[in-house]
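The numbering of the sequence shown is this note's numbering, which starts it at 1 and goes up by one.
Virtual Cβ for every residue (Gly too), placed ideally from N, Cα, C.
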Amino acid sequence: MIRAAALVLIAAAGCRSMPLYRAPVGPDAQATYAAIVADGHKRIAPEDEALWACELGSAALQVGAEAEAFKALHRASRIMATLESTSSENARAILGAEATKTWKGDPYERCMNALYKGLLYWRRGDLDNASASFKRGLLADAWSEVGKSQEDFAALSFLLGWVSWLRGKDEQARYSFKAAAGIKPNNPYLADPHPDRDNVLIVADVGRGPKKYADGPGGSIARFAPYDTPDKAIAVLVDGKRAGRSRLATDLFHQAITRGKKVIDGIRQGKAVFKVGTAVTGAVLLNEGLRRRKNGMAATGAGLLVLSALTNAKADTRYWSQLPGAVQILPLKIRPGRHRLTVRALNSRGVPIPGWSRTFDVTVPDGPGTLYWFSTGRDRTIHGLTDPPTQAKASP
1 MIRAAALVLI AAAGCRSMPL YRAPVGPDAQ ATYAAIVADG HKRIAPEDEA
51 LWACELGSAA LQVGAEAEAF KALHRASRIM ATLESTSSEN ARAILGAEAT
101 KTWKGDPYER CMNALYKGLL YWRRGDLDNA SASFKRGLLA DAWSEVGKSQ
151 EDFAALSFLL GWVSWLRGKD EQARYSFKAA AGIKPNNPYL ADPHPDRDNV
201 LIVADVGRGP KKYADGPGGS IARFAPYDTP DKAIAVLVDG KRAGRSRLAT
251 DLFHQAITRG KKVIDGIRQG KAVFKVGTAV TGAVLLNEGL RRRKNGMAAT
301 GAGLLVLSAL TNAKADTRYW SQLPGAVQIL PLKIRPGRHR LTVRALNSRG
351 VPIPGWSRTF DVTVPDGPGT LYWFSTGRDR TIHGLTDPPT QAKASP
C-alpha cells in the first residue's frame, strides 16, 4: 500500500496545472509582441519561463525593441545555461510527463539564443561580449548527449570570425572562418570572407523554423517537421541598385534533426519502452499468478500494470516557435553616409516575391563592422535592425 501510494503521489506531482506554453500569433508583428508581453503579466508556469522569454525576445526583435529583446533573451539564457534538471524535476518525470521539467531548449534553440544575444551585443558596440556569446553558442552545439564533439553551426563560427577580426584577434578569426567554410563550402561569403573590405554585414532570418510534434506509441517520440514557406533568401538594393543576395549559413531544420553528422530518429522514447514493457510483463505475471494461485506473483503483476498505467510517456513538444527556417549572410561594401536600402524576399528561383519588400533609410558609419539584421516576417513584410539603437522602446 505504501509503495502504491508513493507511485500515485509521484504521478500526481508530474501533472501540469496548465497546458504547455504556446506563443500567441497576432495578425502582425506588433500584435504578436503585445500578446506575448501580456502573457508575461499572467501566470507563466516556472518550467515555461525560458520558453516565454525566448518568444518575447523574437517578438521584440521583429518590432525593433532591441533593449527589450536583449533583456528577454538574457533572462532565458540564465535558465538554459544549466542543462541538468533538479532532483525534484527528475522525480516528477520518472512517471510524469517530460514537460514537467524546466524548458531549456534543444541544442539548436540554445545556439539561436546565443546568436541573437551576440548580434545585440555587437550592435551595442560591445564586441567582447558578442564574441563570448558566439562562443557559448558554439559550446552549446559542440556537445551531444553522448559527449562527442558535434560542432556544425556555421553561422556562429562565421560571426565569431568576423567579430574576432574586428577585435584584432587574427588567429581566432582565421580559425573560425576556416571552420565555417568547412561546414558550408558552397557559400562564397563563408569560403572567402573579407572583413577588411566589406564594411557592412547583413544577417538575415529567412523562412519559419521547424515544428516539434509527438509521434509514435502514445505520442512518446518527439520529432521535427519543416515549414515550407515561399521566402528562401533576401536581395538588397542600395539606392536602387542591386547589391547582392543572402546565402545560407545555417539550416535550423537540419540542426534540429541532427547531432553533428548523425540524423536522429526521435527524442526521448525510453519511457515508452518502459511503459510497454511493464504492461506486458505485468499482464503475464498477473495471469500466471492467478492461474497458479500464487498471490505474490499476481500482486507483482498487478503492481507492474498500475506502474505502466501511471507512466506518462508523452514527449515534450514545447519549442521556440518564432525561430526562422534559416540564418543567412550577406557582406557588403557600402560607401559611408546616408543610403536607402530596399530589402526584398526571394523565392526558390531567386525571383522577388510580389509585395514582400521594405525600404530602410540608413546611415552607414565610416569604418568596418556595421551590422544589420533583417527578417522575412510571417506578416509578409521585412523587419529589420539597422541604425544603432538609441533608446529602448517601451513595452505595450
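Give me, in chain order, the residues of the same chain whose beta-carbon lies closer than 8 Å to that of residue i; leave out the 5 immediate sequence neighbours on both sides.
| i | result |
| --- | --- |
| H194 | P331 |
| I2 | In this prediction, I2 scores a pLDDT of 36, lower than 50, which makes its location untrustworthy; no coordinate-derived value is stated. |
| L166 | L127, P195, P368, G369 |
| T82 | K104 |
| D231 | V206, G207, A345, L346, N347, I353, W356, T376 |
| R349 | none |
Give the DSSP-derived three-state secondary structure of residue i in the structure shown.
| i | result |
| --- | --- |
| R245 | strand |
| D126 | coil |
| A222 | strand |
| G277 | Note that G277 scores 47 on pLDDT, short of 50, meaning its location in the model is unreliable; the coordinates nonetheless yield the value given after this. If DSSP states are grouped into helix, strand and coil, G277 belongs with the helices. |
| R318 | coil |
| P210 | coil |
| A93 | Per-residue confidence for A93 stands at a pLDDT of 41, beneath the threshold of 50, marking its modelled position as unreliable; no derived number is given. |
| W356 | strand |
| G161 | helix |
| Q255 | helix |
| D239 | coil |
| D28 | coil |
| D48 | helix |
| D228 | coil |
| R136 | helix |
Residues bridged to residue i by DSSP?
| i | result |
| --- | --- |
| I234 | A345 |
| H41 | In the DSSP output, where bridge partners are listed per residue, H41 has none listed. |
| I329 | V203, R247 |
| F374 | A204, G384 |
| A114 | In DSSP, A114 forms no bridge with anything. |
| D152 | Answer by DSSP bridge pairing: none, since D152 is not bridged. |
| H194 | According to DSSP, which records beta bridges pairwise, H194 is partnered with nothing at all. |
| V364 | G337 |
| D215 | I221 |
Output needed for residue i: all residues of its chain with C-beta closer than 6 Å, excluding positions within five of it in sequence on either side, in chain order.
| i | result |
| --- | --- |
| I202 | L330, Y372 |
| T32 | V25, G26, A59 |
| V200 | L332, I334, T370 |
| A69 | G57, A60, L61 |
| K135 | none |
| L160 | F134, S176 |
| R110 | M80, A140 |
| I36 | A23, E55, L56, A59 |
| G137 | C111, A114, L115, L156 |
| A326 | V206, G207, L248, D251 |
| S246 | A204, A233, I234, Q328, L330 |
| P389 | E66 |
| D28 | D379 |
Measuring straight from C-alpha to C-alpha, what distance separates residue i and residue j?
| i | j | result |
| --- | --- | --- |
| H74 | K294 | 60 Å |
| R340 | G216 | 52 Å |
| A249 | L156 | 9 Å |
| L20 | G337 | 48 Å |
| D387 | A154 | 26 Å |
| D228 | R291 | 57 Å |
| M80 | L237 | 38 Å |
| K178 | I44 | 43 Å |
| K71 | P226 | 29 Å |
| P107 | G118 | 17 Å |
| Y213 | R223 | 5 Å |
| Y189 | K42 | 45 Å |
| A173 | G125 | 18 Å |
| V146 | A243 | Note that V146 scores 46 on pLDDT, short of 50, meaning its location in the model is unreliable and no value can be drawn from it. |
| V362 | S220 | 50 Å |
| V163 | Y319 | 29 Å |
| L120 | A38 | 24 Å |
| V343 | R380 | 12 Å |
| G182 | F158 | 11 Å |
| P324 | D170 | 31 Å |
| K241 | E49 | 45 Å |
| R78 | A53 | 11 Å |
| Q30 | G64 | 10 Å |
Should residue i be counted as a contact of the ligand NAP given a C-beta to heavy atom distance under 7 Å?
| i | result |
| --- | --- |
| I36 | Of the ligands one can find in the structure shown there are none, so the ligand NAP has no counterpart to examine. |
Which residues in the same chain have their Cβ closer than 7 Å to the Cβ of residue i, if we skip the five residues on either side of it in sequence?
| i | result |
| --- | --- |
| P185 | A191 |
| R197 | K333 |
| N129 | Y121 |
| E47 | T100, K101, T102, W103 |
Taking only beta-carbon positions, decide if residue i is within less than 8 Å of chain C.
| i | result |
| --- | --- |
| A31 | Protein chain content of the structure displayed is limited to a single chain, and chain C is not contained in it. |
On the three-pair Cβ rule with 8 Å, is the region 134 to 142 touching the region 342 to 362? Taking 8 Å as the limit for Cβ pairs, the verdict is that the region 342 to 362 does not touch the region 134 to 142.
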